[in-house]
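A.B. asks: Residue numbers (UniProt numbering): 1 to 229.
My structure is below; once you've seen it, I'll send some questions.
Structure follows, in structure tokens:
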């Protein structure tokens, strides 16, 4: 990273921080939703599935604007949270929230496929031996679905690294606070002579994206091979 300038390196650091926070915070909820969609049979399942995938079909700017309406400092909920020292709009935590929402559908979809690939007969066999639901999930479902879970986590992290529209709408483009790699690329392209810095950040983005796709594909193939075995 020595070939990156201070501003570029700051954007990379912030992107890694935002993406890690977004992925870690959405992981427990992603697992819960994926399990519910894969194994649950309940009223409103279709609605939940539609809501999960909504960020994939909505323009990212719309998602950011909805977040601003809900959690902006002038919004009732946003003002209430701000009084208690919790602020999302125009802060790095807001960038993490926007990135988490945009990456959530990819996380849940990969995890759901991993869980659906687990043979239910194995879970039923464990149940007949007296294992509780929690123990079955921890000792049977989770290990077998792990490649899908890891693939979903990697895809969500990569999506968070590349998030632009929702972030700039909800968290703005503040140097050192919310200017992630995509926002920094956009900023550098607006100033004369900034093409070199933008190109270097594009190279970083390509390396991270290709690595994420390769890792996700390898995990998917491993999961498929395990199911065939």
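C-beta atoms are modelled at their ideal positions from N, C-alpha and C, and glycine is treated no differently.
Between the C-alpha atoms of residue 30 and residue 149, what's the straight-line distance to the nearest angstrom?
C.D. replies: Here residue 30 refers to the residue found at position 30 of the chain shown. Here residue 149 refers to the residue found at position 149 of the chain shown. Roughly 9 Å separates the two Cα atoms.
A.B. asks: Return the CA-CA distance between residue 66 and residue 102, expressed in angstroms with no decimal places.
C.D. replies: Residue mapping note: residue 66 aligns to position 66 of the chain shown, counting from 1. Residue mapping note: residue 102 aligns to position 102 of the chain shown, counting from 1. Taking the straight line joining both Cα atoms gives about 13 Å.
A.B. asks: Should residue 207 go down as buried or exposed, given a rule of 16 or more other Cβ atoms within 10 Å for buried?
C.D. replies: Position 207 of the chain shown holds residue 207. Exposed is the call here.
A.B. asks: Between 120, 9 and 109, which lies nearest to residue 50 when the distance is taken from Cα to Cα?
C.D. replies: The residue given as residue 50 occupies position 50 in the chain shown. Among 120, 9 and 109, the Cα nearest to that of residue 50 is on 109.
A.B. asks: Could you tell me which uninterrupted alpha helix (DSSP H) segments, each at least 4 residues in length, are contained entirely in the stretch 93–178, listed from first to last along the chain?
C.D. replies: As far as the stretch 93–178 is concerned, its whole alpha helix (DSSP H) runs of at least 4 residues are 120–128, 133–136, 142–162 and 165–170.
A.B. asks: Which whole runs of the alpha helix (DSSP H) in the stretch 10–89 are 4 residues long or more, in chain order?
C.D. replies: With a minimum length of 4 residues, the continuous alpha helix (DSSP H) runs that stay inside the stretch 10–89 are 45–57, 60–71 and 76–83.
A.B. asks: So residue 38 packs on residue 121, CB below 8 Å; how close in whole Å?
C.D. replies: The count along the chain shown starts at 1 and reaches residue 38 at position 38. The count along the chain shown starts at 1 and reaches residue 121 at position 121. Residue 38 to residue 121, Cβ: 15 Å. No contact.
A.B. asks: Alpha carbon to alpha carbon, how far is residue 42 from residue 36?
C.D. replies: Translated into the one-based positions of the chain shown, residue 42 becomes position 42. Translated into the one-based positions of the chain shown, residue 36 becomes position 36. Those two C-alpha atoms are separated by around 9 Å.
A.B. asks: Is it a yes or a no for the stretch 92–102 touching the stretch 18–27, going by three-plus beta-carbon pairs under 8 Å?
C.D. replies: Yes: the two stretches touch, three or more of their Cβ pairs being nearer than 8 Å.
A.B. asks: Is the separation between the beta-carbon of residue 201 and that of residue 83 shorter than 9 Å?
C.D. replies: Counting from one through the chain shown, the residue named residue 201 turns up at place 201. Counting from one through the chain shown, the residue named residue 83 turns up at place 83. Cβ atoms of residue 201 and residue 83: not closer than 9 Å.
A.B. asks: In chain order, what residues of the same chain have a beta carbon less than 6 Å from the beta carbon of residue 91, not counting five sequence neighbours either side?
C.D. replies: For this step, residue 91 is matched to residue 91 along the chain shown. Excluding positions up to five away in sequence, the list is empty.
A.B. asks: By the three-class DSSP mapping on this structure, what secondary structure does residue 190 have?
C.D. replies: Position 190 of the chain shown holds residue 190. In this structure, residue 190 counts as coil in the three-state DSSP scheme.
A.B. asks: Going straight from the alpha carbon of residue 18 to that of residue 209, what length do you get?
C.D. replies: Within the chain shown, residue 18 is the residue found at index 18, counting from 1. Within the chain shown, residue 209 is the residue found at index 209, counting from 1. The alpha-carbon atoms of residue 18 and residue 209 are separated by roughly 16 Å.
A.B. asks: Given 8 Å as the limit, is there contact between the stretch 55–65 and the stretch 168–176, that is, 3 or more CB pairs closer than that?
C.D. replies: Judged by Cβ distances under 8 Å, the stretch 55–65 makes contact with the stretch 168–176, as three or more pairs qualify.
A.B. asks: Exposed or buried, residue 11, counting other C-beta atoms within 10 Å across all chains shown (16 or more means buried)?
C.D. replies: In the chain shown, counting from the first residue as 1, residue 11 sits at position 11. Buried.
A.B. asks: Rounded to the nearest angstrom, how far is the Cβ of residue 145 from that of residue 114, given a contact under 8 Å?
C.D. replies: The residue given as residue 145 occupies position 145 in the chain shown. The residue given as residue 114 occupies position 114 in the chain shown. Contact flag correct, Cβ pair sits at about 4 Å.
A.B. asks: Are the beta-carbon atoms of residue 154 and residue 197 separated by less than 9 Å?
C.D. replies: Your numbering for residue 154 matches position 154 in the chain shown. Your numbering for residue 197 matches position 197 in the chain shown. It is not a contact, given that the beta carbons lie outside the stated cut-off.
A.B. asks: Assuming residue 107 and residue 156 are in contact, meaning their beta carbons sit under 8 Å apart, how far apart are those beta carbons, in whole angstroms?
C.D. replies: As a working note, residue 107 is residue 107 in the chain shown. As a working note, residue 156 is residue 156 in the chain shown. Contact holds; Cβ gap of about 4 Å.
A.B. asks: Mind reading off the beta-carbon distance from residue 104 to residue 47? Whole number of angstroms is fine, and I expect it under 8 Å.
C.D. replies: For the purposes of this step, residue 104 is taken as residue 104 along the chain shown, with counting starting at 1. For the purposes of this step, residue 47 is taken as residue 47 along the chain shown, with counting starting at 1. No, residue 104 and residue 47 are not in contact; Cβ-Cβ is about 16 Å, not under 8 Å.
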